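Per my numbering, the sequence shown starts with residue 6, numbered consecutively. By construction, the Cβ of each residue, glycine as well, lies at the ideal position given by its N, Cα and C atoms. Only a predicted model underlies this, so the values are computations on that prediction, with no experimental measurement involved. Some notes on the structure that comes next.
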Amino acid sequence: MNLSRKEMLRLIGAGAGAVALGSAASPAAGSETGGRGDIVRDVAVIGGGAAGTYAAIRLRELGQSVVVVERNGRLGGHTQTYTDPATGGTVDIGVVVWHDQPLVRQWFERFDIPLRKASFGGETLYVDHRTGRAVPDYTPPNPAAALALYGEHLARFPYLEYGFELPDPVPTDLLLPFGEFVRRYDLDAVVPTVFQFGQGLGDLLRQPTLYVMKNFGSDILRNLQIGFVSTSRRDNSELYRKARTELGDDVLLNSRVVSTDRDGARHATVRVDTPAGRRTIRARKVLVTIPPLLGNLDGFDLDGLERHLFGQFRNSAYYTGVLRDSGIPDSLQVRYIGLDTPHHLPELPGVYNIAPTGIPGLHNVKFGSPVALSERAVQAEIRASVRRLGEAGTLPATPPELATFASHTPFELTVSAEAVRAGFYRRLGSLQGRNRTFYSGAAFHTHDSSLIWQFTETLLPRIATA
Numbered sequence: 006m007n008l009s010r011k012e013m014l015r016l017i018g019a020g021a022g023a024v025a026l027g028s029a030a031s032p033a034a035g036s037e038t039g040g041r042g043d044i045v046r047d048v049a050v051i052g053g054g055a056a057g058t059y060a061a062i063r064l065r066e067l068g069q070s071v072v073v074v075e076r077n078g079r080l081g082g083h084t085q086t087y088t089d090p091a092t093g094g095t096v097d098i099g100v101v102v103w104h105d106q107p108l109v110r111q112w113f114e115r116f117d118i119p120l121r122k123a124s125f126g127g128e129t130l131y132v133d134h135r136t137g138r139a140v141p142d143y144t145p146p147n148p149a150a151a152l153a154l155y156g157e158h159l160a161r162f163p164y165l166e167y168g169f170e171l172p173d174p175v176p177t178d179l180l181l182p183f184g185e186f187v188r189r190y191d192l193d194a195v196v197p198t199v200f201q202f203g204q205g206l207g208d209l210l211r212q213p214t215l216y217v218m219k220n221f222g223s224d225i226l227r228n229l230q231i232g233f234v235s236t237s238r239r240d241n242s243e244l245y246r247k248a249r250t251e252l253g254d255d256v257l258l259n260s261r262v263v264s265t266d267r268d269g270a271r272h273a274t275v276r277v278d279t280p281a282g283r284r285t286i287r288a289r290k291v292l293v294t295i296p297p298l299l300g301n302l303d304g305f306d307l308d309g310l311e312r313h314l315f316g317q318f319r320n321s322a323y324y325t326g327v328l329r330d331s332g333i334p335d336s337l338q339v340r341y342i343g344l345d346t347p348h349h350l351p352e353l354p355g356v357y358n359i360a361p362t363g364i365p366g367l368h369n370v371k372f373g374s375p376v377a378l379s380e381r382a383v384q385a386e387i388r389a390s391v392r393r394l395g396e397a398g399t400l401p402a403t404p405p406e407l408a409t410f411a412s413h414t415p416f417e418l419t420v421s422a423e424a425v426r427a428g429f430y431r432r433l434g435s436l437q438g439r440n441r442t443f444y445s446g447a448a449f450h451t452h453d454s455s456l457i458w459q460f461t462e463t464l465l466p467r468i469a470t471a
């Protein structure tokens with residue numbers, strides 16, 4: 006993006022962000038329907054996840070009319086909540102916590118959703134990922150000193166908290182594989198903690214340090230000290246249900262873009278297949294918040310630069326679900342480790358951990374892979390991991406039912422260190438406003454809803470005045 010770092014900091018501010026979040030939407034200008042049945046709006050938002058939902062609400066507050074196109078039957082993206090039919094209890098299986106910062110608190114206050122400090126901990130059993138055998142003598146390293154040193158290194162790159170506005174040349178340390186960065190600066194003790202908080206990053210030790218530091222950054226360290234927040238009602242999806250209600254007919258669910266024409270003299274044309282048939286959107290601007298992979302943008306009239314840049318992205322994979330009747334004690338967390346692997350990290354593809362949900366008989370499971378796998382293969386390996394616990398005599402575990410399962414793939418879009426060095430992100434930033442189109446979402450920052458909202462907030466003034 007073209008905002009300077011100083012402008013970013015001014016917009017974000019020490020307090021509530023660029024513009025105070027209102028309690029009700031401002032009147033939406035230009036929200037009429039065209040005579041041919043076209044949907045006429047100021048902004049067409051493609052994707053209703055964290056970035057798209059936040060942008061839609063905030064743009065309406067800034068006097069812009071919007072329409073949101075979302076392929077799923079709900080808003081929220083990776084924020085998903087499972088409701089147990091037997092007890093009515095809820096389990097947040099996607100986004101679990103947010104940063105405790107003014108913008109986040111104001112966003113939830115706007116929808117009258119109380120927050121609480123999130124709690125972690127409880128009894129943890131460390132298990133060898135290959136055999137399912139317990140490793141009773143394993144104790145993870147105390148990360149305190151290493152985290153402090155890691156924080157000193159993060160302070161060298163403050164711009165990582167706000168997007169991909171990287172200096173030229175890009176610092177060599179950011180391009181090192183994270184495992185090499187760790188060895189160079191004696192940060193071994195920090196790796197298990199980063200691995201658990203950075204779930205979904207794929208092969209952590211091979212990722213360029215840039216992506217690890219953006220995902221596990223300075224504000225993560227601050228929140229490790231002061232505590233993250235989650236919703237008091239233990240239903241993080243409430244935020245998106247309330248946003249959906251407010252947006253009303255400005256949301257097209259179960260819909261997908263089939264073609265775009267952004268060369269119009271006065272507007273872009275976006276054709277969308279909806280459950281009610283094909284609709285045509287005429288919008289002065291388009292905001293794309295879905296992962297910008299070429300497969301996701303099939304039908305978009307991409308120009309040569311867009312196609313060249315988006316074609317370089319690669320991604321990891323991340324999956325989550327709820328196990329029912331696994332035989333694992335309700336209060337126990339099972340964390341997988343490697344006995345003979347670097348930093349004792351379990352090899353991926355594999356299970357990160359199996360954690361209590363607070364509901365008897367239910368455990369949350371997280372699974373990661375450097376590449377996308379079929380959902381059937383992931384589910385089979387999850388069940389096999391639990392089965393190995395029983396076969397090894399570690400726990401009275403049996404292959405469980407998957408009460409719910411979700412793929413959060415594609416996850417963590419990255420490019421090679423060579424591409425970063427050659428100016429990939431400078432050119433990616435130059436796409437903001439090109440062809441009447443703006444971009445937000447994890448590919449333009451990192452997989453962290455709080456930081457995505459922060460990034461989107463800095464982008465809103467440009468969208469609203471373009």
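Secondary structure at Phe113: helix, using DSSP grouped into helix, strand and coil. Excluding its 5 nearest sequence neighbours in each direction, Tyr324 has C-beta neighbours in its own chain below 6 Å: Phe372, Val383, Ser412, listed in chain order.
Look at Gly126 here: in three-state DSSP terms it is coil, with no helix or strand label. Relative to His313, the option among Ile118, Phe429, Leu171 whose CA is nearest is Phe429.
Inter-residue distance for Pro405 and Val175 is about 47 Å (C-alpha atoms, whole angstroms). Val187 and Ser455 have their C-alpha atoms spaced approximately 26 Å apart. Rounded to the nearest angstrom, the Cβ distance from Asp308 to Asn440 is 6 Å, consistent with a contact under 8 Å.
Taking 8 Å as the cut-off, the Cβ atoms of Ile62 and Thr294 do not count as close. Bridge pairing for Trp103: Val234 [DSSP].
Between the alpha carbons of Thr58 and Tyr245 lies a distance of about 8 Å.
Its Cα nearest to that of Ala153, the residue Tyr190 stands out among Tyr190, Thr144, Thr214, Thr86.
For Asn77, there is no enclosing alpha helix (DSSP H), as DSSP marks it with neither H nor E.
Out of Leu192, Pro351, Leu120, Thr214, the CA that lies nearest to the CA of Gln201 is found in Pro351. Under the DSSP assignment, Thr461 falls outside any beta strand (DSSP E), being part of the alpha helix (DSSP H) whose first and last residues are 454-470.
Per DSSP, Val217 is not a residue of any beta strand (DSSP E); the alpha helix (DSSP H) it occupies stretches across 214-220. For Leu244, the enclosing alpha helix (DSSP H) has its first and last residue at 243-252. In the three-state DSSP reduction, Val327 falls in the strand class (E or B). The three-state reading of DSSP puts Val50 in strand, counting E and B together. Rounded to whole angstroms, the gap between the alpha carbons of Gly156 and Phe169 is 19 Å. Membership of Val275 in the beta strand (DSSP E) is indicated by the continuous run 273-279. Residues of the same chain with a CB within less than 8 Å of the CB of Leu298, apart from the 5 flanking positions on each side, are Phe315, Phe318, Asn320, Pro415, Leu418 in chain order. Considered as a whole, the segment 287-351 harbours 309-315 as its complete alpha helix (DSSP H) runs of no fewer than 4 residues, in chain order. For Gln230, the number of other beta carbons within 10 angstroms of its own is below 16, and it is reported as exposed. For Glu170, there is no enclosing beta strand (DSSP E), as DSSP gives it neither H nor E. A distance below 6 Å between beta-carbons, with the five flanking residues on each side excluded, links Arg76 to the following residues of its chain, in chain order: Arg261. The three-state reading of DSSP puts Arg239 in coil, since its state is none of H, G, I, E or B.
According to DSSP, residue pairing for Gly282 in a beta bridge involves Thr279. Per the coordinates, the alpha-carbon of Ala397 lies some 6 Å from the alpha-carbon of Gly137. Here DSSP, grouped into helix, strand and coil, assigns Asn259 to coil. If you draw a straight line from the Cα of Gly68 to the Cα of Asp47, it comes to about 9 Å. Collapsing the DSSP output to three states places Tyr59 in a helix. Following the DSSP letters along the chain, one finds Gly373 inside the beta strand (DSSP E) bounded by residues 367-374.
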